[in-house]
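Asker: So in full-length UniProt numbering, spot 8 of the sequence shown is number 8, and the numbers just go up one at a time. A virtual CB, placed ideally from N, CA and C, is assigned to each residue, including glycine. Can you read through this structure? Questions will come right after.
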Amino acid sequence: GKLDKDVIVGGQTCWTSIVKEVRSLKGMGINVVDLIRLKLGNGDSSLFLEDKWYAGGVIKELFPRLYALEVINLVPCEDRYFWWLESEGDYSVASIRKLIDK
């Protein structure tokens, strides 16, 4: 993400409005990006071993033998992002409103 970067856009779009609101909430101490998590499924849309998601470093570099192993896909399930404020993982305006009102 570029949510913290200044982006010049030729017009107002849905996404520029979203970025503006995300920045506004961050100014209130609510980091919306921290409320979104990646739920791993079959790994097709994530690079679990290659991305730096772990504070200690990249798994691929920390555990090269693990990286060398072939991944066995026992249960196909696509990766997806989920909203951790809701038990089902789906975003709702009500959940962020409750957080804002705290």
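1. Which one or two residues does DSSP pair with F82 in a beta bridge?
2. Using the three-state DSSP reduction, which class does Y91 fall into: helix, strand or coil?
3. Indicate whether Y81 and I36 have their beta-carbon atoms separated by less than 8 Å.
4. Out of curiosity, what's the CA-to-CA distance linking M28 and L99?
5. Report all residues from its chain with a CB closer than 7 Å to the CB of E70; omit the five preceding and five following residues, and keep chain order.
6. Taking the C-alpha atoms as reference points, what is the distance between I18 and A55?
7. Whose CA, out of K60, D34, K102 and R65, lies closest to the CA of W83?
Answerer: According to the structure shown:
1. Answer by DSSP bridge pairing, in chain order: R37.
2. When secondary structure is reduced to three states using DSSP, Y91 falls in the coil class, being assigned neither helix nor strand.
3. Contact annotation: Y81 and I36 have beta-carbon atoms nearer than 8 Å.
4. Going from the Cα of M28 to the Cα of L99 covers about 11 Å.
5. Confidence is the limiting factor: at E70 the pLDDT is only 49, short of 50, which leaves the residue's position unreliable, though a coordinate-based value still follows. Only residues of its own chain outside the window of five on either side were considered, and among them none has a CB closer than 7 Å to the CB of E70.
6. Each residue's alpha carbon lies about 28 Å from the other.
7. For W83, the nearest C-alpha among the options comes from D34.
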